[in-house]
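Heads up: the sequence shown is residues 1 to 307, going by full-length UniProt numbering. Below is one structure; the comments refer to it alone.
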Amino acid sequence: IVLIDRTPSSSDLNTVGYLSGRAVEIRSVWQELTVEERNERFPYPPQERFSVLLFSPVSWEVIPNTKMELEEWEHVTCLKNVSLAYEGTTSGLKGYIALGTNYNYGEDITSRGRILIFDIIEVVPEPGQPLTKNRFKMVYSKEQKGPVTAITHVLGFLVSAVGQKIYIWQLKDNDLVGVAFIDTNIYIHQLLSIKSLILVADVYKSISLLRFQEEYRTLSLVSRPISTINHLTVNIRVGPNPQHRWHFVHNYLTSPYQSNKDFRSAEVYTSEFLLDNTQMGFLIADGEQNLVLYMYQPESRESFGGE
1 IVLIDRTPSS SDLNTVGYLS GRAVEIRSVW QELTVEERNE RFPYPPQERF
51 SVLLFSPVSW EVIPNTKMEL EEWEHVTCLK NVSLAYEGTT SGLKGYIALG
101 TNYNYGEDIT SRGRILIFDI IEVVPEPGQP LTKNRFKMVY SKEQKGPVTA
151 ITHVLGFLVS AVGQKIYIWQ LKDNDLVGVA FIDTNIYIHQ LLSIKSLILV
201 ADVYKSISLL RFQEEYRTLS LVSRPISTIN HLTVNIRVGP NPQHRWHFVH
251 NYLTSPYQSN KDFRSAEVYT SEFLLDNTQM GFLIADGEQN LVLYMYQPES
301 RESFGGE
């Protein structure tokens, strides 16, 4: 890994996103602010304040006049570049910046959050400031019934984890219209999608595979890990030569291997799709410092018909 460039920041960076097709980068940051008047002898508690910034990937400078402050006590939980249905383009899709937040008032108040959707527009730059040609445009902003903890897109629709539910939304006339939903487990912190499939990562209840059927407006569960797995063989090619393959016996890539581990309650830290030609797997990192590889095999006797 080679360091290409480094840009100092006066705040702690929380999430980073890149808008394809545009020479801009989006970051959400937070910094400690003190609202009360300072006193030399009284330690006032600091308050975290989140904001969204637009960076230029060419010079790695903050684009002037693009900083958007969020509300007090509002925390950024997820940020992603999503492709949503749009009739004004040839592909029928348009890139937006989707942001999920949570109002953190403490354990005595029910958590709520917002979904924010931004468009990056081009305007006439200010004299001597070529970076000012890009601006944020608020497309949608509305409070939800729970914290918005994860966001992605599927088939031109927006997917969001709100509380203990996953919703499919359609962006229409600058408003989100609910299409489908499904109940989840405890805390969804990551959503990934390929075509009509959605990979869901729960912080305490492993992963789940969902499928969205656009023609029926249905979001359904395809598969989830079984309680115990004693043997799983996976071949992964790591080079152009077909003989250059890693062979993993069992589904743990690191030791020690626990043959009777309950995979339905794995603490998932991160997950990703793993593609090898016509085969697709699901790679996760759990709370016990392991890499676990799953595959959807409904015809396997050990998988109980795909569960």
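All C-beta atoms in this analysis are idealised placements derived from N, C-alpha and C, irrespective of residue type, glycine included.
Extent of the continuous beta strand (DSSP E) to which Leu53 belongs: 47-55
Span separating the alpha-carbon of Asn81 from that of Phe118: 10 angstroms
Exposed unless 16 or more other CB atoms sit within 10 angstroms - verdict on Tyr105: exposed
6 angstroms Cβ shell around Thr149 - same chain, five flanking residues per side excluded: Thr77, Ala161, Ile188, His189
Reduced DSSP secondary structure (H/G/I, E/B, other) of Ser220: strand
Distance, Leu199 Cα to Val268 Cα: 12 angstroms
Whether Pro147 touches Ser193 by CB criterion (7 angstroms): no
Cα-Cα separation, Leu209 to Thr89: 30 angstroms
Limits of the beta strand (DSSP E) - the one that Ser208 falls within: 207-213
For Ser271, three-class secondary structure by DSSP: strand
Burial state of Asp183, where buried means 16 or more other Cβ atoms lie within 10 Å: exposed
C-beta contact flag for Ile284 and Ile207 at 7 angstroms: yes
For Thr101 and Glu215, the rounded distance between their alpha carbons: 30 angstroms
Three-way DSSP call (helix, strand, coil) for Ser160 in this model: strand
DSSP state of Ser265 mapped onto helix, strand, coil: helix
Simplified DSSP assignment, three categories, for Leu131: helix
Backbone CA spacing between Glu87 and Pro125 [nearest angstrom]: 27 angstroms
Segment limits, beta strand (DSSP E) that includes Leu291: 291-295
For Gly113, three-class secondary structure by DSSP: coil
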